[in-house]
Amino acid sequence: MESTVKTTRALGLMSGTSMDGIDAALVDIMEHGNNRLEVQQIVAETYPYDRRLQEDLHNLCSGGRLTVEQLCDLDDRVAEAFADTAVAVMEKEATRPELIGSHGQTVFHRPPEHTETGGTRLGYSVQLGRGAVIAKRTGVVVVNDFRKADIEVGGQGAPLVPMVDWLLITDPRLTRACQNIGGIGNVTYLPQNGKHDQVLGFDTGPGNVLIDMAARLLFNTPHDDGGRLARGGRIHTPLVEKWLEQEFFKKRPPKSTGRELYTEEYLQDRVKDCRSVQLTDMDIMATLTELTVQSIAHSYRAFLPRRPDEVLVSGGGSHNRQLMDRLQEVLSPAKVTTTESVGISVDFKEGVSFAVLGYTRIKERPGNLPSVTGASRRVLLGEISYP
Numbered sequence: 001m002e003s004t005v006k007t008t009r010a011l012g013l014m015s016g017t018s019m020d021g022i023d024a025a026l027v028d029i030m031e032h033g034n035n036r037l038e039v040q041q042i043v044a045e046t047y048p049y050d051r052r053l054q055e056d057l058h059n060l061c062s063g064g065r066l067t068v069e070q071l072c073d074l075d076d077r078v079a080e081a082f083a084d085t086a087v088a089v090m091e092k093e094a095t096r097p098e099l100i101g102s103h104g105q106t107v108f109h110r111p112p113e114h115t116e117t118g119g120t121r122l123g124y125s126v127q128l129g130r131g132a133v134i135a136k137r138t139g140v141v142v143v144n145d146f147r148k149a150d151i152e153v154g155g156q157g158a159p160l161v162p163m164v165d166w167l168l169i170t171d172p173r174l175t176r177a178c179q180n181i182g183g184i185g186n187v188t189y190l191p192q193n194g195k196h197d198q199v200l201g202f203d204t205g206p207g208n209v210l211i212d213m214a215a216r217l218l219f220n221t222p223h224d225d226g227g228r229l230a231r232g233g234r235i236h237t238p239l240v241e242k243w244l245e246q247e248f249f250k251k252r253p254p255k256s257t258g259r260e261l262y263t264e265e266y267l268q269d270r271v272k273d274c275r276s277v278q279l280t281d282m283d284i285m286a287t288l289t290e291l292t293v294q295s296i297a298h299s300y301r302a303f304l305p306r307r308p309d310e311v312l313v314s315g316g317g318s319h320n321r322q323l324m325d326r327l328q329e330v331l332s333p334a335k336v337t338t339t340e341s342v343g344i345s346v347d348f349k350e351g352v353s354f355a356v357l358g359y360t361r362i363k364e365r366p367g368n369l370p371s372v373t374g375a376s377r378r379v380l381l382g383e384i385s386y387p
């Protein structure tokens, strides 16, 4: 008797630390038993924020002060932008998903901290763009605010994508590392044929955040397209080694970071370091890019149980040839490739992931991995908003 494969259509919405727009991924999720899933991507597209909204978000995350009313207004505008994106996808594809998994826009993330009195202060994470607005506009059930439940049981609230990596990318023969290079870099370690409690995942440090800020500051361009600026410069290895002495890189997982650490002020300090040794603007780009490379390599050497056989890169950094070529050099003999090799778009992996995490919440299955976030137990992730 043939088993029936149940297919659920879901829409994932995500905006990362670059804050340039909303990634939308429409997928069909197929369940094959043992809770193992297969995902078929139907369409994926980025919908840019309007310039004023992007500027206001950057200002807030760079230390700008808002009244409570202004913050509520910004939350409304982000929610409407996410709703606009969902409606646009639904109309363009003439489809109605069964659920929407919406991450929202992170504007603050603070991991748990040990207090001076020996206690622990819970972490805190704020994502703008509440699900109720999206549900009302689309008429579709929305799951959002994914990080709170993990934080409430002592977790970092991040990273959450490793759960999806485990469901979709675990291989029976190969030990894999899934390395996302968005604004922040993060890795998922998937031992061959591993169980969920063997998965590791943590932030490795800066991804594109410093590279992008430096491209804007030094070259008045939003990105180092293809890594061409970095390719034209010299890497100053002693500076990279000095920067890797920062406390975050030494800290053992679970750990997470964000724009709270890698600010404009942080970049200005790194640029001053570079100027003090007479580096050119292209040298600065090369050296900041190498920081991302070496922070990843250091994380693997220091914190992974064994060297991966294969490294699957996703995120904007996968388009940076300097990054990719240097990763292959420093991580050899591991094969460095992208998630495209397993059928997952490099640019929309996180959008796909929050569609899947929305699905796990609707199915009332835990969505966090305590081995990754440091939570005391597995919990359901996300709040559900009905139309």
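Read in full-length UniProt numbering, the sequence shown has 104 at position 104, and its numbers run on one by one without any break. Even glycine gets a Cβ: it sits at the ideal position worked out from N, Cα and C. Note that the structure is a prediction, hence the values are computed from the model and not measured.
What is the DSSP secondary structure of residue i, counted as helix, strand or coil?
i           : result
residue 201 : strand
residue 44  : strand
residue 408 : Within the shown structure, residues of the chain are numbered from 1 to 387, placing residue 408 beyond reach of any answer.
residue 9   : strand
residue 25  : strand
residue 98  : coil
residue 363 : coil
residue 341 : helix
residue 371 : helix
residue 1   : Bear in mind that a pLDDT of 44 at residue 1, under 50, signals an unreliable position, so the number given afterwards is only what the model happens to contain. Coil, per DSSP.
residue 144 : strand
residue 287 : helix
residue 58  : helix
residue 116 : coil
residue 131 : helix
residue 387 : coil
residue 335 : strand
residue 74  : helix
residue 104 : strand
residue 36  : coil
residue 163 : helix
residue 19  : coil
residue 110 : strand
residue 121 : strand
residue 209 : helix
residue 87  : helix
Taking all protein chains shown into account, decide if residue i is buried (16 or more other Cβ within 10 angstroms of its Cβ) or exposed.
i           : result
residue 252 : exposed
residue 295 : buried
residue 299 : buried
residue 92  : exposed
residue 1   : Bear in mind that a pLDDT of 44 at residue 1, under 50, signals an unreliable position, so the number given afterwards is only what the model happens to contain. Residue 1 is exposed by the Cβ-count criterion.
residue 269 : exposed
residue 234 : exposed
residue 68  : exposed
residue 255 : buried
residue 274 : buried
residue 368 : buried
residue 61  : buried
residue 333 : exposed
residue 83  : buried
residue 172 : exposed
residue 376 : exposed
residue 139 : exposed
residue 378 : buried
When you compare the CB positions of residue i and residue j, do they come within less than 7 Å of one another, or not?
i           : j           : result
residue 215 : residue 223 : yes
residue 201 : residue 238 : no
residue 232 : residue 320 : no
residue 78  : residue 353 : no
residue 206 : residue 262 : yes
residue 170 : residue 230 : no
residue 210 : residue 279 : no
residue 337 : residue 318 : no
residue 327 : residue 281 : no
residue 157 : residue 123 : yes
residue 56  : residue 74  : yes
residue 58  : residue 258 : no
residue 184 : residue 17  : yes
residue 330 : residue 297 : yes
residue 199 : residue 166 : yes
Segment contact flag, the stretch 342-360 with the stretch 21-40, C-beta cutoff 8 Å, min 3 pairs:
yes
Quiz item: Using 8 Å as the Cβ pair cut-off and three pairs as the minimum, do the stretch 308-317 and the stretch 178-196 touch?
Solution: yes
Exercise for the section: Could you pull out every unbroken beta strand (DSSP E) segment of at least 3 residues lying fully inside the stretch 165-191, listed in chain order? Expected result: 176-181 and 184-190
Three or more C-beta pairs below 8 Å linking the stretch 338-345 and the stretch 122-131 = no
Does the pairing of the stretch 188-203 with the stretch 133-145 give three or more beta-carbon distances under 8 Å?
no
inquiry  = Give the list of continuous alpha helix (DSSP H) stretches no shorter than 4 residues that lie fully inside the stretch 216-278.
reply    = 228-231, 237-243, 247-250 and 264-276
### Message
So, does the stretch 5-12 touch the stretch 27-40, judging by three or more C-beta pairs under 8 Å?
### Response
yes
- Is it true that the stretch 39-51 meets the stretch 86-105, where meeting means three or more beta-carbon pairs spaced less than 8 Å apart? yes
Could you tell me whether the stretch 380-387 touches the stretch 168-178, using the rule of 3 or more Cβ pairs below 8 Å? no
_Sequence ranges, alpha helix (DSSP H) only - wholly within the stretch 293-331, length at least 4_ = 321-331
*asked:* Measuring CB atoms only, is the stretch 98-112 touching the stretch 355-374, in the sense that at least three cross pairs come out at less than 8 Å?
replied: yes
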